[in-house]
Each structure stands twice: as structure tokens, then as C-alpha cells.
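Notes to accompany the following structure.
2 protein chains.
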Amino acid sequence: MKLSHKLEYACRVLAQLGRTHGQGKLAHIETLASAEAIPANYLVQILNELRNAGLIVSKRGKQGGYALAREPKRITLIEIVEAVDGELLERNFEDAGHSGQRVAEIWSEVGECFESKMAEYHLDDFIVRDADAEMYYI
Amino acid sequence: MKLSHKLEYACRVLAQLGRTHGQGKLAHIETLASAEAIPANYLVQILNELRNAGLIVSKRGKQGGYALAREPKRITLIEIVEAVDGELLERNFEDAGHSGQRVAEIWSEVGECFESKMAEYHLDDFIVRDADAEMYYI
DNA sequence: CTTAAGTTAGGCTCATGACTAAAGAAGTAA
DNA sequence: TTACTTCTTTAGTCATGAGCCTAACTTAAG
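So the protein sequences, as listed, match chains A and B.
Note that full-length UniProt numbering has the first sequence beginning at 1, numbered continuously upward.
Note that full-length UniProt numbering has the second sequence beginning at 1, numbered continuously upward.
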């Protein structure tokens, strides 16, 4: 039940990408890694998963880099979680034993509540905007 | 982010204990293990943690066994989770990188929401009462 | 064609979860 | 006291995954 570093890193790097979204710029892995204090070698894998999930886009070669695939408003927290950690509250409870079914039902309710809460948050909420920068784009 | 078997087992065994609560009976490990389809050797550890958390009481020797320490109404889901899995949504996020603080804040909010939801459920909700049995005690 | 990027695959180490096993302690009854 | 029953405690195994690293490969710009 603990949140993984991977998830934390994903949130941070997406927040970072969100800051410059709309400027047509692409961010490099090294830049992102140092800005958010994430091991670059690990970040590679995370960015891969985020791309496979359709949250970010990438371009190779010189002038390559990463950018958000959509506006930060359009990316929910639950999408981020599912992109890097698979199912949210994995309710893999067996329907075994005398109370198995009932227990599974209750946890299912809890999971749904959790999911709907996550769906309320968007990447927008994570973005730290510097006081001076990019006000034109807001 | 997945729920552990240990947590599932804990819910089930507590539900089972809840069924006979108030009758002054003590349940044996073997009985509980077979009723809820839990490996007995593993259940031993779980019952230990539940006892250390003050959710159940135990008695050794002949006529020994386990029972709830309180009424099922008085045991919240969050207590169960904390007893076997430590902190609920472990928010061990570092305040590192450009967006670290903001990300940690948001997840803190999510965690609090989750906790309050858990506090709404009680062991009562988990108990499966057979149609014929123990109606006098309800 | 050279260089700067991203892409992919693999491997390593450590921590944890799930479970098994067994010796030890405490209560009960003969 | 002795034996038996039941919980108690601790140790150990095995598989899995997180986190991180290395290296070879592919694409694109100039």
C-alpha cells in the first residue's frame, strides 16, 4: 500500500513538462532529470511507460525530446497512476473462504471511491509556475 | 499500489471472529484458517499483528483461542489496514526537484481523503451472517 | 557521415511479500 | 507432577518487483 518512487517521479516529470507546454519546445531527458532530481537512467524507463500510455510524445534525433501529448487540464491523476503502476487499487481478492465475497465487495467500493477521487485531480494541479515566467500562456 | 493478501486475510479472519462475537467463545487458529481458506502458518503471524494492534485478544492452553477485543461496530477499516500494513498510503515523497513539494502536497490530500473513507467502514460491514444463526444476538 | 538525441534489452542488487517450519511458553486437566 | 493443548516467537525460504545501470541500436539534423 505504499506509493512507489516511480509514481512520484512520474508526477514530477509530468509537472515539469507541463510548465513549458504550449511553447512548442521539447525537453531532454538530462534536463528533466536534473530539474526534478530523478536518476536519468531510471527516468528513461518512466518516460517510456508514459509514452506508451499516450500521456507524452517524443521525437528522436537531434532536436529531439519529450512533450506532453495533451494539455495539463486533460490529464487526470488516475491516468498517471495507471500508466506507471498498472491498476490503481488492485482488487485481486479471491472469493474464497466464508467471508471472501463480502470482503471483496467492500474493498471494491473503497477502490471506486479512490478512483473517483483521483479522477478529480489533473496535471494542472501539479504544475508549479514561477512567478515571473510564461504568464502569457496561462 | 496493490492490496496485499495479508490485508485480505486480516479482513476475512476478523469478519469470521465478528460472527461469533458476544457469545464468549474463543476460536482456534485451525478453525479460522479452514473457515476462511487461509494458510494456517501464515494466519499465525497475522493474528499476532492484530493482537499487537489491540484488535483481538487471545488465550493460551486448553480452551484457548482468539476473540475480538471490541464490538465489530467499534473497529474501523483503517485500524485493520494499519494493523497489518503499517501506514495506509505511505506518503514518503521527498521534497526534491522542482515540483517535489507540490506533488507531495497533492498526494497528501489524496491520502487524507482515502483515510477518511476508510474510517467510515467498520468491521460490522464485513460480517456475513447466516440466515438461520445467531439472530438473537443482533 | 557525424553527432545528438531517443529506444530497447538486459542484468544487477536489495527489499518485501507470502509462506513454511519449528522450538518455546503458558494454561489446563489428569 | 506430567502430559497435552493451544498460542507465541523467531528463523528461514522463495519468488517477485523496485530501482538503478550498461550497452547496443535507431532516428534525425546539419
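We put the beta carbon where it would ideally sit given N, CA and C, even for glycine.
In this text, all values refer to a predicted model and were calculated from it rather than measured experimentally.
Candidates B:Ala53, B:Leu14, B:Glu112, of which the one nearest alanine 67 of chain B by Cα: The residue given as residue 67 of chain B occupies position 67 in the second sequence. Nearest C-alpha to alanine 67 of chain B: B:Leu14.
Secondary structure of histidine 98 of chain B, DSSP reduced to three states: If you number the second sequence from 1, residue 98 of chain B lands on position 98. Note: histidine 98 of chain B maps to coil in three-state DSSP.
The stretch 114-123 of chain A / the stretch 69-82 of chain A touching (three or more Cβ pairs under 8 Å): Of all C-beta pairs linking the stretch 114-123 of chain A to the stretch 69-82 of chain A, three or more are shorter than 8 Å, placing the two stretches in contact.
Sequence-distant residues of the same chain with beta carbon closer than 7 Å to serine 34 of chain B, five excluded per side: Residue mapping note: residue 34 of chain B aligns to position 34 of the second sequence, counting from 1. Excluding residues within five positions, none has a Cβ falling inside 7 Å.
Glycine 97 of chain B versus glutamine 16 of chain A - alpha carbon distance: Along the second sequence, one-based indexing puts residue 97 of chain B at 97. Along the first sequence, one-based indexing puts residue 16 of chain A at 16. The alpha-carbon atoms of glycine 97 of chain B and glutamine 16 of chain A are separated by roughly 10 Å.
Contacts of alanine 35 of chain B in chain A (Cβ-Cβ under 9 Å): Position 35 of the second sequence, counted from the first residue, corresponds to residue 35 of chain B. Under the 9 Å cutoff, chain A gives Gly97, His98, Ser99.
Opposing strand residues paired with glycine 65 of chain B [DSSP bridges]: Walking along the second sequence from the start, residue 65 of chain B turns up at place 65. In the DSSP assignment, the residues bridged to glycine 65 of chain B are B:Lys59.
Any 3 or more C-beta pairs closer than 8 Å across the stretch 4-12 of chain A and the stretch 35-54 of chain A: Yes, since at least three Cβ pairs between the stretch 4-12 of chain A and the stretch 35-54 of chain A fall closer than 8 Å, the two stretches touch.
Residues near valine 44 of chain B by beta carbon distance below 7 Å, same chain, minus five either side: Within the second sequence, residue 44 of chain B is the residue found at index 44, counting from 1. Here the set comprises Ile29.
Local Cβ density within 10 Å of glycine 18 of chain B, reported as buried at 16 or more and exposed below that: For the purposes of this step, residue 18 of chain B is taken as residue 18 along the second sequence, with counting starting at 1. Buried is the call here.
CB contact flag (alanine 10 of chain A, isoleucine 46 of chain A, <8 Å): Mapped onto the first sequence, residue 10 of chain A falls at position 10. Mapped onto the first sequence, residue 46 of chain A falls at position 46. When the beta-carbon positions are compared, alanine 10 of chain A and isoleucine 46 of chain A come within less than 8 Å of each other.
Arginine 12 of chain A burial status per 10 Å Cβ neighbour count (16 or more: buried): As a working mapping, residue 12 of chain A is identified with position 12 in the first sequence. Label assigned to arginine 12 of chain A: buried.
Contact list for aspartate 124 of chain B against chain A, beta-carbon separation under 8 Å: Reading the second sequence from its first residue, position 124 is the one you call residue 124 of chain B. For aspartate 124 of chain B, none of the residues of chain A pass the 8 Å Cβ criterion, the least Cβ distance being about 11 Å.
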